[in-house]
Amino acid sequence: MRNFDYYLPSTTSEAQDVLKKVKGARAKAGGTDLMGLLKDRLTAPDSVVSLDNVGELTGIKERDGGVWIGATTTIATVAANKTVHRGGEAVAEAAARTGTPLIRNRATVGGNLCQRPRCWYFRHPDYPCSKKGGETCYAQEGENKYHAIFDNVTCNIIHPSNLAPALWAHDAKIHVLGANGKTRDIGIDEFWVLPEEDMSKETVLEDGDLVTGVTYTPGGRSSGSAYVEVREKQSYDWALTNAAARIDLSGSRVKDVRLVISAVAPVPMRREDAEAVLKGKAFSEDLAWKAGEAAVADATPLRDNKYKVRLLKATVAHTLIAAAQRAKGGK
Amino acid sequence: MKKDKTHKLKLGYKGDVKEVEITLPDDEPRPFDMTSKLDIMGKRHQKVDAVMKVTGRAKYTHDMKPAGMLFGGFVRCPHAKANLQSIDMDKLAKSPGVKAVVDAETLRMPTTIRYAGQPVAALAAESRQALEEAIRNADVSYEVLPHAARVDQATAADAPQVHGNRGNVRAGRDPRQLAEVNAALNSGKLKVAEVVARTQVQTHSCLETHGTAAQWNGEHLTIWTSTQATFGVRGQLARGLGVSESNITVIGEFMGGGFGSKFGAGYWSLAAARLAKKAGAPVKIMLDRREDQTDTGNRPDSIQDMKMGVDGDGKIAAYSVSNTGTPGIGRGASVTNPMIYDIPRDMTASRRGEVATNAGGAQAFRAPGHPQGSFGLETVMDLAAEKAGIDPVEFRLRNDSNFVRQQQYKEGAKKIGWADRKKNGAATGRFRTGYGVAAAKWGGTGGPRAEVLCRITNDGSIEVRNGAQDLGVGTRTLLAVVAGEELGIDPSQIKTAIGNTNDPIGPGSGGSRTAASIAPAARQAAFLVGRELKALVAQHLNCEADDLVTKGGKVSSLTDGKKSMSFKDACRLIRQGDISAVGKRVRNWRDATYMNGVAGAQFAKVTVDCDFGIVKVDKLVALQDCGLVINRLTAEGQVFGGMIQGLSYALFEERHMDRHLGHMINSDLEMYKIAGPADMPEMEVVLYDVANGANNCSVAGIGEPTMIPTAAAIAGAVHNATGVRVTSIPMTPDKVLMALEEGGK
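Chains A and B supply the protein sequences, listed in that same order. For the first sequence, the numbering used here assigns the number 1 to the initial residue and increments by one for each residue that follows. For the second sequence, the numbering used here assigns the number 1001 to the initial residue and increments by one for each residue that follows.
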């Protein structure tokens, strides 16, 4: 790891000042991703700005019909929070399935959304892959068991955040403080950047931008949400596939539905074709499996990850079934 | 003058008793057998160093920081096959903070690169940062050559050659009985099962990576190293550095896992010693996780092509197996298959081959050859049983004549709930439950050389010393337990010292030999000092020394209850300081033993999530013999460890080699996946106390056999649950789902 200057501001504006003034400064919240990036030399900033003492970015509050979560709120806090459990079940479940207890106690919501991909070629110091400015995506023809089955032509990373699909299922907005000192809200559906658009980053954030929090819309009565993740190990592992869904029922009829899948493409994906299978119809398990079918219809798996198609179909079906169960009152 | 003494012993296990007579010199204690009434040995004892370990007072090589210590490391080649053309050693030496450099030639490291990550130079710097900067900025040029890092690349037509022009594939030779075996298998008279089983490359993944700190004091070298063979390291360093063994002290008081990968001094120890000499300061080299995963050994993979024929009595009548594995650039990828079962030798045709690849070389790994062999053999066993319409436990009872395992199959079946087992594939729905069984066999009754010093002092204190290490055996505790048994003193009251070559010699921890090698020496040492103490007490109490026993903290007469004194008071009779003796491990009495190895069996109960392809192990039961048990708590701990590593091998662990640049692409502990707490099943251990008579404690090792059958038992349970056989480990969701799809489930 290269030496760097370390800043410990106590307010958001102080943090922003350093980020603006010191060239190449990197913000650090829990540091669970940044430390790995530093150690593997994927980034070597001159300065690191810790947000540990910036209290105003921490907390969970009900606000204007939404639930605000501060950027430096830990994943463990989200997983245990009663407000989140009531109406934001998918968010609570996604938080609870993240990392290990140690990581959840340290890692934050903002960091979780902004973390870099886990692709083993990207993380290995000896591979000059396209994500790092090289010319080759080694996963394309190489060892791609854990890689993307959608949007996987130029770069085969999968999105690592558990919270992203869950927050998207709840129509979240991401609050950003820009380098110009102005705040802006970005809809979570517009937050992600595909490798084809910009290989150097995974979100629309610009240099000097600081995520301050996120607000999601909790489900009301007759609404339920769920997050399901499949992974090889039950302790400390990354998702092979995951999905989050929110279903609003009117009687047994599906009034509205959001289905977001992840760990299968460079960015989380809302699956409107699959939603359409359910919309306006009486919910049934059979229909959930049909939606699963629709969710994988345009998958383009690689040599070693064909299993992910079958897996994703089942993941989607079980997510929808769990969400519908909750909407019916079986929370 | 030594006199001989004849002992009558009862050896064996419940219901299978062998009476033997053995004549031993009278400075050997009477061997423990089925009639021995043990007060301390075989009970549960907390590790004497447990508190040190959990409070961080136990210092590992990673913790060592002699004054003025430098940080050592390596420049490594990023190509899987190349020739080193040049390296600018001057520039390296002048890098900021660098204090010493050593080139490949001095370290006797090849300049022909055969695997990605091979070291080409060593250096020491005043900080970790300075070291990393110097390595990053090193000027090295290579002639890069095409590689064959993967087995599929190495076996392709026109494959790049790993070793000169020798060819990558060394095919097994056909045995002479092949034609006969094939004729039987094709005769139509036997029920024949046929399968190709595959196992993966597993890395040792020791929690403490490999590494060494070296410090010279004039001509004397002190080495702190994470090792499973203190004396082996001393010998290798002496040869490698041209220094006499008396000028080297190797210290390894605590170490964080070895599993077979820490026998040797390693090039890092030689480099640390050379750098320390050159820099005139202590140097520590601890490999980082990527280096450790890539370059310190692994368990070779295997492809096992098998056919097994079963006759009308449900007996195995013919068996053909062809094994190949890759040791990378190393040697030795043999698979132990067949084993355990009564397969007629003249009707067994086995072939062994190897495939060289441009990948880190294999090393010994917990029961080398056996877990992979077990997975293959038990796979074909289960399929043969299915073909013959015989229950898997019954099939093993018919084909395994070992008395102890016969009991283990029966008891294990009860413990796992085998009676609830449905026919293969009869379970329906998303979650399906199944049961599996597999067996184990191992040697591990120990032998020379091991010498243990026991000393009692006139203040009543007892000390036991041996220079070998603790690989996880619980070496300190076992020394204290055995000496405590012999002297009638609680183990917590006994001081122990291990892991320093200035103390008497002990074995490398391999072949499950540590306990079985040093425990008998410790017992003999305690026996000898006890005998001297008894002579003093006999004089004092006016009785015969042969009439005295050391038991319950006292030295007492067997015949006269009034003649007794506390052990502490007895020690006061020692006039000058202390009494000490060295117990020397003698050879095993092989012809007088009940069994020269151990028997084991394991059972698994699993639930398979057929939508997600996830195997959840619900319960494991291990039935394991390790001779007479020294410490029930740590012996069980060994079995838990074996089962956990076996489960991890069955479901998660796998080295992935990249086909492009030839690196191990998951050289970390994130994507190299190891079972964690949430993956743990309920585990039950049943120890079989077999008086094997192999040595004076009737002790055998337990470290290795307990990992052998776990993966196979889990695979059998998955088969029973789903009705399809997953023939390759790890049994990850991709393979489980594919097997279900192919099986139409």
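For every residue, glycine included, the Cβ atom is placed at its ideal position computed from N, Cα and C.
| Asked | Found |
| --- | --- |
| DSSP three-state assignment for B:C1571, whether helix, strand or coil | helix |
| Boundaries (first-last residue) of the alpha helix (DSSP H) holding B:I1248 | Where B:I1248 is concerned, there is no enclosing alpha helix (DSSP H), although the beta strand (DSSP E) it sits in stretches over 1248-1251. |
| Extent of the continuous alpha helix (DSSP H) run through B:H1370 | 1370-1388 |
| Any C-beta of chain B under 7 Å from that of A:S235 | yes |
| B:Q1207 burial status per 10 Å Cβ neighbour count (16 or more: buried) | The sequence shown places Leu at residue 1207 of chain B, rather than the Gln named in the question. That one is exposed. |
| Per-residue DSSP class, three states only, for A:V49 | strand |
| Residues, ordered as in the chain, of the stretch 1673-1700 of chain B that lie near chain A by beta-carbon distance below 9 Å | K1673, I1674, A1675, G1676, P1677, A1678, D1679, M1680 |
| Helix, strand or coil at B:L1687 [DSSP, three-state] | strand |
| Stretch pair the stretch 1299-1319 of chain B + the stretch 1114-1125 of chain B: three plus CB contacts closer than 8 Å | no |
| Helix, strand or coil at B:W1442 [DSSP, three-state] | strand |
| Enclosing alpha helix (DSSP H) for B:H1147 [first to last residue] | No alpha helix (DSSP H) contains B:H1147, which DSSP labels as neither H nor E. |
| Cα-Cα separation between B:G1317 and B:P1338, rounded to whole angstroms | Sequence check: residue 1317 of chain B is Ala here, not Gly. Cα to Cα, B:A1317 sits roughly 13 Å from B:P1338. |
| Contact list for the stretch 135-154 of chain A against chain B, Cβ threshold 7 Å | Y138, G142, E143, K145 |
| Helix, strand or coil at B:S1141 according to DSSP, with G and I counted as helix | strand |
| Beta-carbon contacts of B:D1618 that lie in its chain and below 8 Å, excluding the five residues immediately before and after | T1433, K1605, V1606, T1607, P1681, E1682 |
| Per-residue contacts from A:D126 into chain B (C-beta, under 8 Å) | P1078, A1116, L1661, H1663 |
| C-beta contact flag for B:S1648 and B:Q1228 at 7 Å | no |
| As assigned by DSSP and simplified to three states, the class of B:R1352 | strand |
| Reduced DSSP category for B:T1225 - H, G, I as helix; E, B as strand; rest coil | strand |
| Beta-carbon separation (whole angstroms), B:D1578 vs B:A1149, contact threshold 8 Å | So it is not a contact: roughly 59 Å between Cβ atoms. |
| Beta-carbon gap between B:F1527 and A:V230 smaller than 7 Å | no |
| Rounded separation between B:D1470 and B:G1511 - CA only | 14 Å |
| Length of the line joining the Cα atoms of B:Q1289 and B:T1203 | According to the sequence shown, residue 1289 of chain B is Arg rather than Gln. Approximately 11 Å, taken between the alpha carbons. |
| Identity of the residues DSSP links to B:L1487 by a beta bridge | Partner(s): none; B:L1487 has no beta bridge. |
| Cα-Cα separation, A:A388 to A:V214 | Because chain A spans 1 through 331 in this model, residue 388 of chain A falls outside it and cannot be assessed. |
| CB contact below 7 Å: A:E206 versus chain B | no |
| Test item: CB-CB of B:A1082 and B:A1116 under 7 Å | no |
| Nonlocal neighbours in the same chain, by C-beta distance under 7 Å from A:D126, ignoring five residues either side | none |
| Delimiting residues of the alpha helix (DSSP H) encompassing B:A1581 | Careful: B:A1581 lies outside any alpha helix (DSSP H), inside the beta strand (DSSP E) at 1578-1584. |
| Endpoints, alpha helix (DSSP H) assigned at A:E285 | 285-296 |
| Element boundaries [beta strand (DSSP E), containing B:F1074] | 1070-1076 |
| A:N305 beta carbon less than 7 Å from that of A:H175 | no |
| Anticipated Cβ contact below 8 Å, A:R270 with A:D189, distance rounded | 6 Å |
| B:V1464 and B:T1496 closer than 7 Å at C-beta | yes |
| B:K1673 - containing alpha helix (DSSP H), residue span | Counting along the chain, B:K1673 falls outside any alpha helix (DSSP H), and DSSP gives it neither H nor E. |
| For B:H1220, the three-state DSSP class (helix, strand or coil) | strand |
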